[in-house]
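**Student:** Once you've had a glance at the structure underneath, I'll fire off some questions.
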Amino acid sequence: MFEASLAQSAILKKVLDAIKDLLNEANFECTDDGIKVQAMDNSHVSLVSLELRSDGFEKYRCDRNLSMGVNLASMAKIMRCSSNSDKVTIKAQDDNPDKVSFIFESSNQERISDYEMKLMDIDADQLGIPDTEYSCVVKMPSAEFARICKDLNQFGESLVISCSKEGIKFSTSGDLGSANVKLAQTTDADKDDAVTIEMRSPVTLTFACRYLNHFTKATPLSSQVQLSMSDEIPLLVEYRIGDMGCIKYYLAPKIDD
Amino acid sequence: NSLQLELLTFFCQH
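Going line by line, the protein sequences match chains Z and H. Its first residue numbered 7, the first sequence is counted upward by one per residue in my numbering. Its first residue numbered 11, the second sequence is counted upward by one per residue in my numbering.
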């Protein structure tokens, strides 16, 4: 038996919006600790790692570890049937379920709807991600990061990110011309609009702008985003999901051919 | 011209 309830379906809707364009399907690994999803996009360039801890749920029960193979477009269709303020309960009866139920309850309890979704067998390898001490860790407003990725995507396919003690710079160029956005470190680190940089050594890396734009679908989840970078290894883009977990995106860099 | 690397170059497969 698996059962997990969230007071408001809005969080789950936002989480799904943050992954459904990058992934077609994924295994939801449910344990006593919570729900984890790890999956690569079809081209094996980026990876999504989602964690929702059990203590962040209003109610959570997982008698046996189970893996639910989910078609994310199907789950998104079902989640769209809920109102943001609805309480949502995810329920699977068996230890090896072939279907999962979503129950939505309005705040006044006057409307209760349930949707059953068929699960899939997904044969996906789990990747081992080594612990890394990154050369630069940048925290910045998530809306600013989204704006930069969207604006610069108009100019070129590749985005160069350079980070030094002075600040972080995003650059691109293409047929139209070139573009640069520089952000300086701010003095007040506690505010939502703060830009903070922890640097061991400066880095310059190139990434496909298209994937960065996919990652920014997580913007509604958190006011801040964290970028962790070291030369010649994948970029880590991290959004917190309140106090209950986080969504991490990894993106392989581009190198000069 | 730049070459897009794959994640499998960096992460090990279980």
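Every residue, glycine too, gets a C-beta built ideally from N, C-alpha and C. Note that the structure is predicted; figures quoted are calculated from it, not measured.
Judging by CA-CA distance, which residue of Z/R59, Z/P136, Z/Q230 and Z/S207 is the nearest neighbour of Z/K197?
**Tutor:** The candidate whose alpha carbon is nearest that of Z/K197 is Z/Q230.
**Student:** Using a Cβ-Cβ cut-off of less than 9 Å, give me the residues of the segment 106 to 134 of chain Z that come near chain H, in sequence order.
**Tutor:** Here the close residues are D131, Q132, L133 and G134.
**Student:** Quick check on DSSP: helix, strand or coil for Z/K19?
**Tutor:** Z/K19: helix per DSSP, three-state reduction.
**Student:** With distances taken Cα to Cα, identify the nearest neighbour of Z/Y255 among Z/V201, Z/S52, Z/P136 and Z/R86.
**Tutor:** When only C-alpha atoms are compared, the closest one is Z/S52.
**Student:** Using only alpha-carbon positions, find the residue among Z/D27, Z/V54, Z/F221 and Z/D69 that is nearest to Z/A152.
**Tutor:** The shortest Cα separation from Z/A152 among Z/D27, Z/V54, Z/F221 and Z/D69 belongs to Z/F221.
**Student:** Is the beta carbon of Z/A32 sitting closer than 8 Å to the one on Z/L78?
**Tutor:** Yes, Cβ-Cβ distance for Z/A32 and Z/L78 is below 8 Å.
**Student:** Count the other CB atoms, across all protein chains shown, that sit within 10 Å of the CB of Z/K244; report buried if there are 16 or more and exposed otherwise.
**Tutor:** In the sequence as displayed, the identity of residue 244 of chain Z is Glu instead of Lys. When all chains shown are included, Z/E244 counts as buried.
**Student:** Contact defined as beta carbons within less than 8 Å: I believe Z/C215 pairs with Z/E172. What is the distance between those atoms, to the nearest angstrom?
**Tutor:** That pair is no contact at about 23 Å.
**Student:** Any beta-carbon of chain H closer than 8 Å to the one on Z/T210?
**Tutor:** No, Z/T210 lies away from the interface with chain H (no Cβ there is under 8 Å from its Cβ).
**Student:** Please go through the same chain and pick out, in chain order, the residues whose beta-carbon is closer than 7 Å to the beta-carbon of Z/D39, but skip the five residues on each side of it.
**Tutor:** R59 and S60.
**Student:** Where does the unbroken alpha helix (DSSP H) through Z/E150 begin, and where does it stop?
**Tutor:** S148 to N159 is the span of the alpha helix (DSSP H), which, as asked, contains Z/E150.
**Student:** Report the residue ranges of all beta strand (DSSP E) runs contained in full by the segment 167 to 202 of chain Z; include only those spanning at least 3 residues, in chain order.
**Tutor:** Qualifying beta strand (DSSP E) stretches, in chain order: 173 to 179 and 184 to 190.
**Student:** Taking the straight line between their C-alpha atoms, what separation do you get for Z/T95 and Z/A16?
**Tutor:** Cα to Cα, Z/T95 sits roughly 13 Å from Z/A16.
**Student:** Answer yes or no: do Z/A10 and Z/F63 have a C-beta to C-beta separation smaller than 8 Å?
**Tutor:** Cβ atoms of Z/A10 and Z/F63: closer than 8 Å.
**Student:** Just mark Z/K124 as buried or exposed, buried being the case when its beta carbon has 16 or more other beta carbons within 10 Å.
**Tutor:** It counts as exposed.
**Student:** By how many angstroms is the C-alpha of Z/K105 removed from the C-alpha of Z/L218?
**Tutor:** Approximately 33 Å, taken between the alpha carbons.
**Student:** List the whole-angstrom C-beta distance separating Z/V143 from Z/I174, where the pair is believed to meet the contact cut-off of C-beta under 8 Å.
**Tutor:** Contact flag wrong, Cβ pair sits at about 11 Å.
**Student:** Determine, using beta carbons only, whether Z/A214 comes closer than 8 Å to chain B.
**Tutor:** Considering every chain present, this structure includes no chain B. Its protein chains are Z and H.
**Student:** Using a Cβ distance threshold of 8 Å, determine whether the segment 182 to 189 of chain Z contacts the segment 125 to 140 of chain Z, with at least three qualifying pairs required.
**Tutor:** Counting Cβ pairs under 8 Å, fewer than three are found: no touch.
**Student:** Give me the subset of the segment 237 to 258 of chain Z whose CB atoms are less than 9 Å from a CB atom of chain H, sorted by chain position.
**Tutor:** Taking 9 Å as the Cβ-Cβ cut-off against chain H, the residues of the segment 237 to 258 of chain Z that qualify are E238, I239, P240, Y256, L257 and A258.
**Student:** From Z/S141 to Z/T210, what distance separates their C-alpha atoms?
**Tutor:** Rounded to the nearest angstrom, the two C-alpha atoms are 10 Å apart.
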